[in-house]
Amino acid sequence: MNDRKQSDKARLQLMIIRIVVYAILIFLTFLCLVFFYMLIINSTRSNAQLQAGFSALPQGHFIDNLKNAWTDASINIPRGMLNSFLVASCCAVLTTYFSALTAYGIHIYDFRLKKPAFLFIMAVMMIPPQVSAVGFIQLMYKLKLTNNFLPLIVPSIAAPIVFFYMKQYMESVLPIEIVESARMDGAGEFRIFNQIVLPIMKPAIAVQMIFSFVQSWNNYFIPALLLDKAEMKTVPIMIAQLRSADYSKFDMGKVYMFILLAILPVLVVYLILSRFIIKGVTAGAVKG
Amino acid sequence: MSKNVKNPKSRGVSNAKWGYLFILPFFIAYICCTLIPQVMTFYNSLFMNYRDGLKQIGPKFVGLQNYVALFSQDNSGSVGILKYFGNTIILWLMGAIPQIVVALLLAVFFTSYRLNIKGQQFFKTVIYMPNLIMASAFSMLFFTLFSPVGPVNQVLIASGWVDKAVDFLNIKISVRVLVSLMNFLMWFGNTTILLMAGIQGIDQTLFEAAQIDGANSTQVFFRVTMPLLRPILVYTVITAMIGGLQMFDVPQILTKGKGTPNRASMTLVMYLNNYLTTSKNYGMAGAVSVVLFIISAALSLIVYNSLSSQYRKPKRHRKY
């Protein structure tokens with residue numbers, strides 16, 4: 001009798017805790033979504049409707065706003081998206097390929113500087129990139145590489161964090177025997193890497209490609225210091241330009257549309273691949 | 289090449305060559321794009337070198353004069369860099385404390401068998417989403433939503449809570465709250481997922497043993513989960529801190545680079561950016577970078593030592 005009372009009490013307690021936990025989760029979900037919901041709603045409303053007051057329901061001006069934003073004279077968003085896409089794609093490919101190559105070099109081979117090289121990469125992993133920005137900008141001005149995408153793409157070859165992720169992944173999926181048997185079959189070292197190791201690394205490469213694409217797509221600090229020609233600007237610079245313009249004279253429907261266009265590609269990819277991306281967050285980083 | 293070689297010893301030598309070759313691109317890129325610029329930055333901090341209108345001043349060697357200038361009082365009697373460092377810390381703490389507390393709570397909720405939370409995939413998808421959103425666009429969105437004519441003010445006025453529009457972007461506390469709210473939203477999902485993986489990595493029998501010994505869930509959390517989670521918590525705190533020091537996009541866009549009101553939301557990197565954009569003052573920018581470098585190095589050492597002194601296991605390097 002007493003036992004049952006006790007378990008009833010425990011069950012009630014658990015139920016209350018569950019309700020509280022779900023309430024917290026729902027509140028955080030609301031907090032995460034409400035601003036994006038407002039963004040989407042506002043992108044469907046005309047400037048006059050936006051000035052008139054807040055509405056929680058969409059209205060029918062989405063296409064108008066899209067047309068206005070897409071053909072805006074001062075902010076060439078299609079060009080910006082193309083530029084960002086170009087830079088981000090190159091970064092994604094270079095970062096993943098060379099990080100995997102470096103990780104493979106350190107994982108498989110024995111050489112005298114192996115340990116120092118590894119420790120060096122680990123040590124510089126935590127240095128904020130802004131710390132070398134002054135010299136980098138100066139160097140690019142000297143080399144006449146401003147308004148050029150190369151300074152945004154080439155540095156992505158050396159990505160210590162991606163390297164570390166690849167190294168961790170290799171340790172778990174790449175036994176040395178695979179490489180050795182490929183050598184027995186007479187494959188060259190580069191061919192082994194490209195045709196045997198890379199396919200094994202596919203999941204890690206895919207995840208890191210997404211992350212480096214997103215990081216480059218969102219990157220603002222360095223590009224803003226190097227790109228000032230209208231046709232070279234990337235999306236974040238255009239967003240900043242939007243902010244420095246006198247916003248009260250702006251068609252607000254268009255402004256919301258610009259913001260939506262800036263985040264839409266990443267949002268769509270994320271919604272399709274979220275399960276995969278979330279798994280990828282932890283795979284390499286945790287052991288740090 | 290290696291297939292012709294019979295002697296295993298000399299095979300090792302030819303392997304070494306491949307090792308160097310494979311890591312070469314990384315090091316060339318790192319040296320050219322980061323290391324040389326890093327040295328140039330430090331070197332620059334010892335020179336007077338800026339643009340005054342169309343006139344170029346310097347470069348002229350001035351020793352530590354830039355650092356003296358950096359740490360001397362300005363017209364209003366405050367030391368700029370200390371103020372911006374303070375701002376950065378405040379903005380970071382306001383976002384990071386709730387971020388870590390909430391993430392820890394959620395990680396415990398999600399991994400608890402007793403609670404058995406349904407719809408985990410949905411919640412994880414939602415809370416991680418802001419992490420991938422372009423910070424500058426997110427900040428621009430907050431600016432439009434919280435501007436005097438934006439929807440938030442419209443709602444406040446329509447509901448009669450305020451008489452006239454609140455200028456959120458010119459009130460110290462509201463600017464700081466908005467910046468920290470954005471940082472919190474962008475990072476708590478990421479931290480949750482990292483900590484969850486950490487908790488899942490803990491041997492389940494330890495929890496069972498603690499329960500059999502009669503520990504309640506609070507005791508389990510503080511006596512079992514927390515100590516075992518420490519290495520990952522250290523990692524999370526350090527990376528969050530280094531990220532916080534780099535805080536730039538969000539306050540820059542929100543306040544148009546001005547750190548309104550009265551530079552109360554100006555961060556160190558915004559200060560650095562100001563020197564780089566307006567006057568191309570490489571000397572002062574170099575000095576700010578050096579300070580930033582020293583702070584980030586020192587902070588990561590302090591936090592690493594204080595949090596992990598008892599639990600330090602050089603896991604990462606041991607593989608070697």
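Taken in order, these protein sequences are the chains called A and S. The first sequence begins at 1 in the numbering used here and counts up one residue at a time. The second sequence begins at 289 in the numbering used here and counts up one residue at a time. Here a beta-carbon is modelled for each residue, glycine too, at the ideal position from N, C-alpha and C. All figures in this text were calculated on a predicted structure; none of them were measured in a lab.
Beta-bridge partners of residue i, as assigned by DSSP
i                      : result
residue 305 of chain S : Answer is none; residue 305 of chain S lacks a bridge partner.
Local conformation of residue i per DSSP, three classes
i                      : result
residue 233 of chain A : coil
residue 169 of chain A : helix
residue 175 of chain A : coil
residue 61 of chain A  : coil
residue 250 of chain A : coil
residue 442 of chain S : helix
residue 8 of chain A   : helix
residue 294 of chain S : Low per-residue confidence applies at residue 294 of chain S: pLDDT is 43, beneath 50, and the placement is therefore not dependable enough to give any value.
residue 480 of chain S : helix
residue 422 of chain S : coil
residue 486 of chain S : helix
residue 227 of chain A : coil
residue 23 of chain A  : helix
residue 546 of chain S : coil
residue 37 of chain A  : helix
residue 454 of chain S : coil
residue 313 of chain S : helix
residue 436 of chain S : coil
residue 430 of chain S : helix
Residue of the options minimising C-alpha distance to residue i
i                      : options                    : result
residue 78 of chain A  : A:260, A:275, A:278        : A:260
residue 84 of chain A  : A:262, A:272, A:279        : A:262
residue 87 of chain A  : A:150, A:126, A:46, A:50   : A:150
residue 499 of chain S : S:389, S:563, S:400, S:344 : S:400
residue 253 of chain A : A:211, A:158, A:60         : A:60
residue 352 of chain S : S:430, S:331, S:497        : S:331
residue 120 of chain A : A:135, A:96, A:163         : A:163
residue 529 of chain S : S:385, S:465, S:540, S:459 : S:385
residue 56 of chain A  : A:68, A:35, A:76           : A:35
residue 116 of chain A : S:377, S:483, S:308        : S:308
residue 583 of chain S : S:372, S:544, S:453        : S:372
residue 125 of chain A : S:526, S:538, S:546, S:517 : S:526
residue 214 of chain A : A:251, A:81, A:138         : A:81
residue 350 of chain S : S:581, S:580, S:575        : S:575
residue 267 of chain A : S:323, S:421, S:457        : S:421
residue 369 of chain S : S:378, S:379, S:358, S:377 : S:358
residue 333 of chain S : S:569, S:311, S:513        : S:569
residue 492 of chain S : S:577, S:516, S:542        : S:516
residue 203 of chain A : A:11, A:76, A:169          : A:169
residue 558 of chain S : S:524, S:375, S:306, S:322 : S:375
residue 522 of chain S : S:315, S:388, S:323, S:347 : S:388
residue 454 of chain S : S:440, S:430, S:466        : S:440
residue 180 of chain A : A:108, A:147, A:134        : A:108
residue 102 of chain A : A:222, A:186, A:158        : A:158
residue 310 of chain S : A:106, A:251, A:184, A:223 : A:106
residue 393 of chain S : S:363, S:476, S:410, S:564 : S:476
residue 58 of chain A  : A:186, A:46, A:13          : A:46
residue 541 of chain S : S:462, S:520, S:423, S:314 : S:423
residue 405 of chain S : A:192, A:20, A:112, A:118  : A:20
Contacts that residue i makes with chain B (C-beta to C-beta distance below 9 Å)
i                      : result
residue 128 of chain A : Going by chain labels, chain B is absent from the structure shown, which instead holds the protein chains A and S.
Range covered by the alpha helix (DSSP H) that runs through residue i
i                      : result
residue 540 of chain S : 537-542
residue 48 of chain A  : 47-52
residue 320 of chain S : Counting along the chain, residue 320 of chain S falls outside any alpha helix (DSSP H), and DSSP gives it neither H nor E.
residue 449 of chain S : It is not in any alpha helix (DSSP H) - residue 449 of chain S carries neither H nor E in the DSSP assignment.
residue 129 of chain A : From DSSP, residue 129 of chain A is part of no alpha helix (DSSP H); its letter is neither H nor E.
residue 100 of chain A : 77-108
residue 123 of chain A : 114-124
residue 403 of chain S : Residue 403 of chain S -> no alpha helix (DSSP H), and no H or E assigned at all.
residue 670 of chain S : As shown, chain S starts at 289 and ends at 608. That puts residue 670 of chain S outside it, with no answer to give.
residue 568 of chain S : Where residue 568 of chain S is concerned, there is no enclosing alpha helix (DSSP H), given that its DSSP letter is neither H nor E.
residue 416 of chain S : 408-416
Problem set entry | Minimum length 3: unbroken beta strand (DSSP E) runs contained in the stretch 330-382 of chain S | 335-340, 343-349
For this session: Could you tell me which uninterrupted alpha helix (DSSP H) segments, each at least 4 residues in length, are contained entirely in the stretch 131-212 of chain A, listed from first to last along the chain?
Result: 133-142, 150-153, 160-173, 176-184
Problem set entry | Complete runs of the alpha helix (DSSP H) confined to the stretch 496-534 of chain S [at least 4 residues] | 505-508, 514-533
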